[in-house]
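Each protein sequence line maps, in turn, to chains A and B. Under our numbering, the residues of the first sequence are numbered 2 to 297, in order. Under our numbering, the residues of the second sequence are numbered 2 to 297, in order. In this text, a Cβ means the ideal position worked out from N, Cα and C, and glycines have one as well. Structure record follows, encoded as structure tokens.
There are 2 protein chains.
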Amino acid sequence: MNDTTPQTYLGLDGGGSGCRLAICDRSGRRLAETRGGAANYTSDPDATVRNLRAAIAAAAQEAGLDPAGLASCVAHLGLAGIMDAAQAATLAAAMPCDRITVTDDRPTTAAGALGSRDGAVAAVGTGSFVAVRRGESLRHFGGWGLRFGDQASGAWLGRSALERCLLVWDGLSDPSQLTSEIWQRFEDTPARMVAFGATSSPGALAEFAPLVIDAAASGDAQGRALMQAGADYIESCLAAVELRGDEVLCLTGGIGPHFAEYLTPETRQRLCPPQGSALDGALSLARAALDGDIAR
Amino acid sequence: MNDTTPQTYLGLDGGGSGCRLAICDRSGRRLAETRGGAANYTSDPDATVRNLRAAIAAAAQEAGLDPAGLASCVAHLGLAGIMDAAQAATLAAAMPCDRITVTDDRPTTAAGALGSRDGAVAAVGTGSFVAVRRGESLRHFGGWGLRFGDQASGAWLGRSALERCLLVWDGLSDPSQLTSEIWQRFEDTPARMVAFGATSSPGALAEFAPLVIDAAASGDAQGRALMQAGADYIESCLAAVELRGDEVLCLTGGIGPHFAEYLTPETRQRLCPPQGSALDGALSLARAALDGDIAR
């Protein structure tokens, strides 16, 4: 061992609403754990670099790392909005750690939720993706954003619910408690709903998801149809990989666990609580990289 | 008859890509026909007022109308993006004609396509709506915009096609000539498609509709499924009113006629070419108002 042997590792989970990171020593003890600003590279690359550098500097100070110690710290950053290797490389080059891996948040979410188990994670919050791990291989479904994807997500549930409200208005679908409740929020005025639709962010649409979830839980036909459509999307991903043996399924994110009761009995038997968060996953991936460095 | 009896009428059809208008004398002779700038009130109310005033002034000059003649001209304006009576009233008050009716473009499209016939119009371009007329009653479906509606529209076909491309990428749907052709346009790079999705207007999405139409015509399974889904939406509107007797169906707009072969045989028997354009419809509604004024 010489003085460039890494003594610490850093894990970071980031997205549009902020980032969380931790630095650990080789024994796994957390030397620092902190939060930072928004880090969605697609939405704002410059702010992402700025916020991540500030958050990492704050954590390094808390952990007592000098610049050389930070440079040799092995890091894994999992960030929503990283769409390809070129973006990952650009971002990595702007960070103060030399031994750094940048990925989107699917590998870190899978590593955190599954731990060492094989199986699938359906991560469903404002957006959505499904990740399936078998040994070293990791396969992803979705994560493409609301315009052309994010099936089953909170934003997708909200958008789908408002689409149904307008079908109900036109007499093409049956009204329900859910559609009436949503119409009340728009004062029974299609112009208000349409104006909202013209400018609403995925986050604003996702604010309707709890109404859908609650209505469905109460037996509301429109709510149940929406939740079932989301669950069917998750099932289609699982069917594409044919989960087998004792492979597990973790439902994560603010919306994910609510799909449990709409899955097939066979799929439900695989449900397991996630072992950890995406930050835990980023830490475990950084730790594995550090162990690899030392073994080399 | 005194000197305030209207001697002329004006019809106007407007939307995001411009407006067309004509002024006729009481015998129906066109004194002026002209085009003007964009007139989607939802997108830009100030520009709409400005462009409409300029277009109407140009037409009045061409028709040889002095300010008093223009003020007494009976006008009907049918404009995309007029969502309610309040918007219509605000816009009407800003126009130089005193006897003016402002509606969205559904009544003018129906009046133009159907003439004096009863039946339905499926108007499908970048956006979509279905209008059904029976005698004096007019019922509308859709026209709510792409976020929560516009089923079967060019923008909806384009968005749906790109959504399918990403499902194909994930192995959740079967590739076809259509999806391969679209992927080539994005250099087989999901990040490019997602970036396009984040900022694309309905018009930009609608540019993919001709690919869908052509692929479907060649028997492409993905293309046919999309066209069938659009046709099914149109059928659902017709089913809600149960077309009967000799009620006709007109397919209008750049996309509408392409749905003919995906409709049921029963519905296809009702197909008739539109009798006229939305401008013709606006003129006929203005003419009817003028006749009503005179008869009063």
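- Rounded to the nearest whole angstrom, the CA to CA distance from A/Gly146 to B/Gly116 is 44 Å.
- B/Cys98: not part of any beta strand (DSSP E); DSSP gives it neither H nor E.
- For B/Gly146, the chain A residues whose Cβ falls inside 7 Å of its Cβ are Val195, Gly198 and Ala199, in order along the chain.
- Residue contact with chain A for B/Pro275: absent (no Cβ-Cβ distance below 8 Å to any residue of chain A).
- When C-alpha distances from B/Ala283 are compared across B/Ala72, B/Ala196, B/Phe260 and B/Thr102, the shortest belongs to B/Thr102.
- Checking the DSSP bridge columns, you'll see B/Ala33 partnered with B/Ile24.
- Contact between B/Ala156 and B/Pro211 is absent: CB atoms are separated by about 13 Å, not below the 8 Å threshold.
- When the five nearest sequence neighbours on each side are left out, the beta carbons in the same chain lying within less than 7 Å of the beta carbon of B/Ser18 are those of Ala39, in order along the chain.
- With fewer than 16 neighbouring CB atoms inside 10 Å of its own CB, B/Ser138 falls in the exposed class.
- For the segment 162–177 of chain B, the set of residues with a beta-carbon nearer than 7 Å to any beta-carbon of chain A comprises Leu163, Glu164, Leu167, Asp171, Gly172 and Leu173, in chain order.
- Neighbourhood of A/Phe149 in chain B, by CB distance below 8 Å: Arg160, Leu163, Glu164, Cys166, Leu167, Met194, Val195 and Gly198, in chain order.
- Residue-level contact check: B/Asp45 does not touch chain A, since none of the beta carbons of chain A fall below 8 Å from its beta carbon.
- Contact annotation: A/Val131 and A/Cys25 have beta-carbon atoms that are not nearer than 8 Å.
- For the segment 220–237 of chain A, the set of residues with a beta-carbon nearer than 8 Å to any beta-carbon of chain B comprises Ser237, in chain order.
- DSSP places B/Ser201 outside any beta strand (DSSP E), giving it a letter other than H or E.
- Taking A/Ala81 as the centre and dropping the five residues before and after it, the same chain places the C-beta of Gly16, Asn41 and Asp106 closer than 6 Å to its C-beta, in chain order.
- Here DSSP, grouped into helix, strand and coil, assigns A/Leu11 to strand.
- Sequence-ordered contacts of the segment 82–102 of chain A with chain B read Met84 and Asp85 [C-beta pairs closer than 7 Å].
- With 16 or more other Cβ atoms from the protein chains shown falling within 10 Å of its own Cβ, B/Pro108 counts as buried.
- Taking a cut-off of 8 Å on C-beta distances, the segment 154–172 of chain B does not touch the segment 50–67 of chain A, as fewer than three cross pairs fall below it.
- With a cutoff of 8 Å on beta-carbon distance, A/Ala123 and A/Leu227 are scored as not near each other.
- The alpha-carbon of A/Gly231 is positioned some 20 Å away from that of A/Thr110.
- Taking the CA atoms as reference points, B/Ala217 sits about 10 Å from B/Gln178.
- In chain order, Asp151 and Ser154 place their CB closer than 6 Å to the CB of A/Gly128, counting only its own chain and leaving out the 5 sequence neighbours on each side.
- For A/Gly79, the enclosing beta strand (DSSP E) starts and ends at Val75 to Leu80.
- Restricting attention to A/Thr43, A/Gly12, A/Arg21 and A/His259, the CA atom closest to the CA of A/Gly29 is found in A/Gly12.
- Counting only Cβ-Cβ distances below 7 Å, A/Gly143 has contacts in chain B at Asp171, in chain order.
- Nearest C-alpha to B/Leu272 among B/Gln229, B/His77 and B/Ile235: B/Ile235.
- Only buried fits B/Ala64, as 16 or more other CB atoms lie within 10 angstroms of its CB.
- Assignment of B/Thr91 by DSSP, reduced to helix, strand and coil, places it in the helix class.
- Secondary structure at A/Gly116: coil, using DSSP grouped into helix, strand and coil.
- Separation of B/Gly254 and B/Val125 (C-alpha to C-alpha, rounded to the nearest whole angstrom) is 5 Å.
- The segment 214–251 of chain A contains, as complete alpha helix (DSSP H) runs of 4+ residues, the segments 222–242 (chain order).
- Cβ contact annotation for A/Gln276 (same chain, cutoff 6 Å, sequence separation greater than five): Gly116, in chain order.
- Closest by C-alpha distance to B/Arg31, out of B/Gly120, B/Leu280 and B/Gly144, is B/Leu280.
- The beta carbon of B/Ala72 sits closer than 8 Å to the beta carbons of Pro97, Cys98 and Asp99 from its chain, once the five residues preceding and following it are set aside; these are given in chain order.
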